[in-house]
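Colleague: To start, I am sharing the structure in question, which I have written as structure tokens.
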Amino acid sequence: MGPGNRSVTGLSPPSRHLSPGKIDNAFGPRLGEPQRARTSGRFRPTTLPTYPRFRHGRAVSSSSGITAVIFDMDGVLTDSEPLINAAAVAMFREKGHQVQADDFIPFVGTGEDRYLGGVAEKHGIQLDLPEAKRRTYEIYLGLVPEKLRAFPGAVEFVQTCRKTGLRVAVASSADRIKIEANLEKIGLPASGWDAVISGEEVVLKKPAPDIFLAAAQKLGVLPTRCVVIEDAVNGVAAARAAGMRCVAVAQTFPAALLQDAHLVRSKIQDVSLKDITSSRRLRPRL
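Each number in the numbering used here comes from the position in the sequence shown (counting from 1) with 13 added on.
Here it is as structure tokens:
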């Protein structure tokens with residue numbers, strides 16, 4: 014984590030790399046996708062989806078290649094995991110409950126409802142989830158101006174993708190209020206993206222593929238023409254289930270836990286345009 018994030022609200026955030034055994038194994042025409050319905054404005058399958066596993070090395074783009082890059086936000090663009098962790102611990106403490114930073118590890122990447130709710134379930138805490146999330150975001154947003162940082166190279170890589178003609182989207186399990194605050198702080202405001210999809214817009218969260226399929230749909234691009242940049246095990250699973258090429262960055266989880274991605278890099282600063290457009294599985298360069 015960056016030096017500015019080391020003692021947020023006096024709490025000790027979880028380690029940068031999350032350990033094995035703590036992972037939760039929990040707009041235009043719709044191109045090439047099964048019929049889906051919107052309920053309460055959210056993207057939801059009309060039938061229960063299946064999540065296929067794709068063999069490593071299988072090309073996911075046609076001869077015309079990748080045309081869009083979909084970025085996760087927390088842990089990929091912004092070094093925000095320590096901040097939301099500190100805010101969540103502080104929220105529970107205000108309510109008289111002592112929870113640990115590492116309690117949240119299994120729920121990284123699944124959205125704040127599950128992030129907070131999963132820890133409440135673990136400790137047998139009765140939680141008013143909407144109020145708990147509201148207060149957690151209130152604490153978090155107070156930390157953003159001074160503490161939030163973009164990962165080195167993240168802003169420049171997004172700009173490079175745009176300059177080369179690739180469409181760019183953010184697909185984050187977070188709520189819109191958090192997405193907009195983060196993107197504004199790092200100088201990549203939501204208005205500058207071709208699409209921004211929040212966790213509020215889909216029923217099934219990662220590791221389900223819905224958020225990435227919704228992003229492809231909003232971009233007007235086939236899923237097989239998209240590549241996803243992810244940092245979390247749940248996110249990699251979601252990208253693969255969507256039939257998309259996935260490049261993982263080991264900024265939150267160790268590389269050993271991200272091997273289901275087509276390619277693993279140690280950090281986003283190491284990701285190149287060749288990594289995005291190549292259809293073959295490359296040996297990780299860490």
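All residues carry an ideal CB built from backbone N, CA and C; glycine is no exception.
Predicted, not measured: the structure shown is a model, and the values here were computed from it.
Does DSSP put Asp87 in a helix, a strand or coil?
Modeller: The answer is strand: DSSP assigns Asp87 an E or B state.
Colleague: Between Asp223 and Val234, which are expected to be in contact by the criterion C-beta below 8 Å, what is the C-beta distance as a whole number of angstroms?
Modeller: About 16 Å separates the two Cβ atoms, so there is no contact after all.
Colleague: What is the DSSP secondary structure of Ala274, counted as helix, strand or coil?
Modeller: The answer is coil: DSSP assigns Ala274 none of H, G, I, E or B.
Colleague: Along the chain, where does the alpha helix (DSSP H) that runs through Val246 open and close?
Modeller: Residues 246-254.
Colleague: Identify which residue in Tyr153, Gly137, Val246, Gly178 has its Cα closest to the Cα of Gly78.
Modeller: Among Tyr153, Gly137, Val246, Gly178, the Cα nearest to that of Gly78 is on Gly178.
Colleague: Could you check whether the Cβ of Val89 sits closer than 8 Å to any heavy atom belonging to the ligand MG?
Modeller: Ligands displayed in this structure: none; no statement on the ligand MG is therefore possible.
Colleague: Work out the CA separation of Glu94 and Val112 for me, nearest whole Å.
Modeller: Answer to the nearest angstrom: the Cα atoms are 16 Å apart.
Colleague: Just to confirm my understanding: we take Val249, look at its own chain, exclude 5 residues before and 5 after, and list those with CB closer than 7 Å. What are they?
Modeller: For Val249, where only same-chain residues beyond five positions count, the Cβ hits under 7 Å are Glu243, Cys259, Ala261, Leu271, Asp273, Ala274.
Colleague: Mapping DSSP to helix, strand and coil, what is Ala133?
Modeller: Looking at Ala133 - three-state DSSP - the assignment turns out to be helix.
Colleague: Considering only residues of the same chain and omitting the five flanking positions on each side of Gly15, which have a CB-CB separation below 8 Å?
Modeller: Low confidence applies here, because Gly15 scores a pLDDT of 36, under 50, leaving its location unreliable and the question unanswered by this model.
Colleague: Could you pull the start and end residues of the alpha helix (DSSP H) that Arg147 belongs to?
Modeller: From DSSP, the alpha helix (DSSP H) with Arg147 extends over 142-160.
Colleague: Entirely within the stretch 174-208 and at least 4 residues each: give me those alpha helix (DSSP H) ranges in chain order.
Modeller: The qualifying runs are 189-198.
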